[in-house]
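Under our numbering, think of the first position of the sequence shown as 43, with each following residue one higher. Cβ coordinates follow ideal geometry from the N, Cα and C atoms, glycine included. Quick caveat: nothing in here was measured; it's all calculated off a predicted structure.
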Amino acid sequence: MSVKSNIVSPQSFETFYRIQISYNSVAGPQTPNLSLNTVSHIHFVQRIQNNSLYNTTVLLSANGGTKNEENRSALEKILILSDIMTKMSIKRNLNGKIEKLLNPDEIKKSWNLWKEKNLTEYMRKLIEQENFIEDLESSLIYLEGNFKKEIQYIALFPECYSFKSNNLQSTNYTSQYIFNSHLINELVLKYKLYPVFIKDYGNIIHVKLKSIIANLSDVGSIINEIDSLPDYKYKFEILADYKFDKKSGRIITSEVVLSEFINNEIQYTSKVEIKEDKKIVNKIYS
């Protein structure tokens, strides 16, 4: 009887990634549709020490766009957050689970500097400044817990390295994630990811993960109390697709898609696409 091995054994490495994120939502005839995207480039470093993974990401550039001017403020907030969180240092276990944000004080210091130098440039009105400060600082208080909820970190920091090769059984589950619904204010989803596809192509390991809701009874209770949308059927799903370098566990490409659906007039989708930026790699090391 053969013993199934971990799909990858993470090693130390560094590389550069291009990250593209798109956000799209339809929220009914009374609410403007959301449609915007961002593109960023990062330097990514992984080191292994004492049976833990230590990752550092450094933002090299970030920009974004939207065809709808009503989305401009949302886009600016995303780009401002990128300016503030230019460097992140993270500790993970050998399966890839995020255990700790190592530089929260550095990020908060970056926010204070940004606030001092740039706030009035972006927002002229005092009430806008006060609201923005309150929003950002409340997020920073819970920074370590909040950033794990964002799907770009699921795409960038996969939690599946110790899944067993060619094993799609129930023993292969990530830890629990939390998602605050964009469509139903009261709804907080708890979910895990499990593999639906694992394939070894020699130098490349291809893995696909899918979400399963862990608090289904809570979700059902909240949904049953809503009577304003009698014809809806709520759906939530996350699909993650990774291609790893087999020797190092380095991401070659990854894609994570999150979708919420009530009906054709009320739905939300966000998509993260990550791939190695060969142009930067070749330019830096040529």
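Please identify the residue among the options whose C-alpha is closest to the C-alpha of residue i.
| i | options | result |
| --- | --- | --- |
| Y219 | H83, Y236, E111, N66 | Y236 |
| I61 | N93, L198, W156, A256 | L198 |
| V50 | G291, N306, E141 | G291 |
| K241 | K206, N66, E148 | K206 |
| N306 | Y284, I226, K275, V299 | K275 |
| Y215 | F189, S152, Q194, S253 | S253 |
| N113 | K321, N66, I193, Y203 | N66 |
| L137 | S259, F278, N48 | Reading off the sequence shown, one finds Asn at residue 137, where the question assumed Leu. That would be N48, whose Cα lies nearest to the Cα of N137. |
| L123 | F58, F189, V68 | F189 |
Taking DSSP as the reference, what is the three-state secondary structure of residue i?
| i | result |
| --- | --- |
| K317 | strand |
| P237 | strand |
| N173 | helix |
| Q194 | helix |
| L225 | coil |
| G107 | strand |
| L136 | coil |
To the nearest angstrom, how far is it from the Cα of residue i to the Cα of residue j?
| i | j | result |
| --- | --- | --- |
| E201 | M130 | 18 Å |
| P74 | Q53 | 46 Å |
| Q91 | I304 | 45 Å |
| E102 | N173 | Residue 102 is actually Leu in this sequence, not Glu. Computed Cα separation, rounded: 28 Å. |
| L95 | W153 | 26 Å |
| Q88 | S296 | 17 Å |
| I293 | E192 | 18 Å |
| S44 | I84 | Summary for S44: the model assigns pLDDT 45, below 50, so the residue's position carries little reliability, and this model does not support an answer. |
| K139 | N93 | 13 Å |
| N97 | I268 | 43 Å |
What does DSSP give as the partner residues of residue i in its beta bridges?
| i | result |
| --- | --- |
| N305 | I308 |
ask   = Just checking, does the region 250-264 make contact with the region 161-170 on the three C-beta pairs under 8 Å criterion?
value = no
Taking contact to mean 3 or more Cβ pairs, one atom from each stretch, closer than 8 Å, check whether the region 103-115 and the region 74-84 are in contact. yes
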